[in-house]
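With the first letter of the sequence shown counted as 1, position 240 gets the number 236 in this note's numbering; the numbers rise by one all the way through.
Cβ atoms here follow ideal geometry from the backbone N, Cα and C, with glycine treated the same way.
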Amino acid sequence: MLPYLVGAPDWDDISDWLAGDGARILAIIAVALVVDFALHRIIPHALRVAVERQMKGVEEEEIEQRVDTLSSVFTGTGRVIVVLAALLTLLPLAGISIGPLLAGVGILGLAVGFGAQSLVKDVISGLFILLDNQYSKGDVVTLAGISGLVEEVGIRRTVLRDLDGIVHYIPNGEIGVASNFTQEYSRVNLNVGVSYSEDLDHVMQVIDRVGEEMAADPEWAPSIITPPKALRVDAFGDSGIDIKILGDTKPIKQWDVMGELRRRLKKAFDEEGIEIPYPHRVMVTRGAKATDIPEAGGEE
C-alpha cells in the first residue's frame, strides 16, 4: 500500500516504501521502457533481414513499404503487451488485488466474445492480408469499392486516403477483393484516338518514337521499365480509330508517365499533321430542303 495514501505522511514509512515497493515499481517501469525501446529497434531490423531474404530481387522501395507495414503492426502489438504486463505487475504493489479484476475481465471477455464475431473476422482477415502481402503502406489500392493510397495497415482495419483527401477506415473483414495498382510494377494503359483518314502505320511509328524518346529522357527514364508503344488498333469509334498503348513503369509512376506521354503525343501529332478526332455535328434548320443540307464533315 502506498504510505502517503492513508493518514498523514510519515517520512520513515515513505523511505521504507521507496526502498521496497517503490524501488520495484521504478524497476518495472524502467524495464517496460527498455523493452519497448528494444522492440522498436530490434523488430524493424529483424523484419528487414527477413523481408529482403523473402523478396530478393524486388525494388528497394517495395521492400521498404513491406517493412514499414509489418513494423507498425508488430511494434504496436508489442507495446500493448508490454503495457498490460507492466500494469498487472504494478497493481499488486500499489495494494490493488488483480484477482477480481482478472475474473471480471474474463466474464466481460466471454460476453463480448458472443457479440464480437465481426471483430474476430476483421482480425483474421488482417492477419491473412499481412501474411499474403496483398498490399502495404504507400500502395494505391481499391478495397470495398474505395480507391486510395494506403496510409495504415493494421490487424483490424486499413486506412485509405483518396484523391480528394478523404480518409476512409475500412474494417479488414469487409474486404472481399483487394486490387493493388502498385505492387512490383505499374502499367501505362491508355487509348489514343486518330481520324479515320490517317495512315495507321505512320501513326503507330510516331507513337513508338515518342515512347522511346521519353524512356531515353534522363528525367523520365528512372520511372519507366519498358517504353510505351502502340499495341494494336483497339476500336472503331464514332469519330475516329482508337489505338491501344501499353508500357511498364515503376510502382505508382504510371499516372505521371501517362500525363507526360499525352502531352508529348499531342505535340508530335501536331508536328506530323495527325488529326485527333472530335465529334462533328450537322445543323439542319426547320423547313430546309434536302439540297440545302450539307454533307457529313462539311459543316460543324
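Residue i and residue j closer than 8 Å at C-beta
i              : j              : result
isoleucine 270 : isoleucine 239 : no
isoleucine 237 : glycine 189    : yes
valine 63      : arginine 44    : yes
isoleucine 120 : alanine 140    : no
isoleucine 248 : valine 136     : yes
serine 143     : glutamine 61   : no
arginine 20    : leucine 80     : no
serine 175     : threonine 138  : yes
alanine 217    : alanine 226    : no
Expected contact under 8 Å - CB spacing of residue i and residue j to nearest Å
i             : j           : result
threonine 222 : glycine 255 : That belief does not hold up - the Cβ atoms of threonine 222 and glycine 255 are roughly 18 Å apart, past 8 Å.
threonine 65  : leucine 35  : The Cβ separation is near 16 Å, so there is no contact.
serine 219    : lysine 263  : Not confirmed; about 19 Å, so no contact.
alanine 82    : alanine 26  : About 10 Å; that fails the 8 Å criterion.
proline 224   : leucine 257 : 6 Å
Alpha carbon of residue i to alpha carbon of residue j, nearest angstrom
i                 : j             : result
arginine 260      : glutamate 267 : 11 Å
alanine 23        : serine 93     : 20 Å
leucine 86        : valine 78     : 12 Å
valine 229        : leucine 156   : 37 Å
methionine 279    : glutamate 58  : 56 Å
aspartate 234     : tyrosine 192  : 10 Å
glutamine 201     : glycine 134   : 36 Å
aspartate 118     : arginine 75   : 20 Å
glycine 169       : glutamate 209 : 46 Å
phenylalanine 265 : proline 214   : 23 Å
Just checking, does the stretch 142 to 156 make contact with the stretch 182 to 194 on the three C-beta pairs under 8 Å criterion? no
Count the C-beta pairs between the stretch 163 to 170 and the stretch 126 to 135 that are closer than 8 Å, then say yes if the count reaches three, no if not. no
Going along the chain, which unbroken runs of the beta strand (DSSP E) with 3 or more residues stay wholly within the stretch 111 to 166? Whole beta strand (DSSP E) segments, 3+ residues: 136 to 139, 142 to 149, 153 to 157.
Ranges of the beta strand (DSSP E) found wholly within the stretch 24 to 63, counting only runs of at least 3: Along the stretch 24 to 63, the beta strand (DSSP E) does not occur as any fully enclosed run of 3 or more residues.
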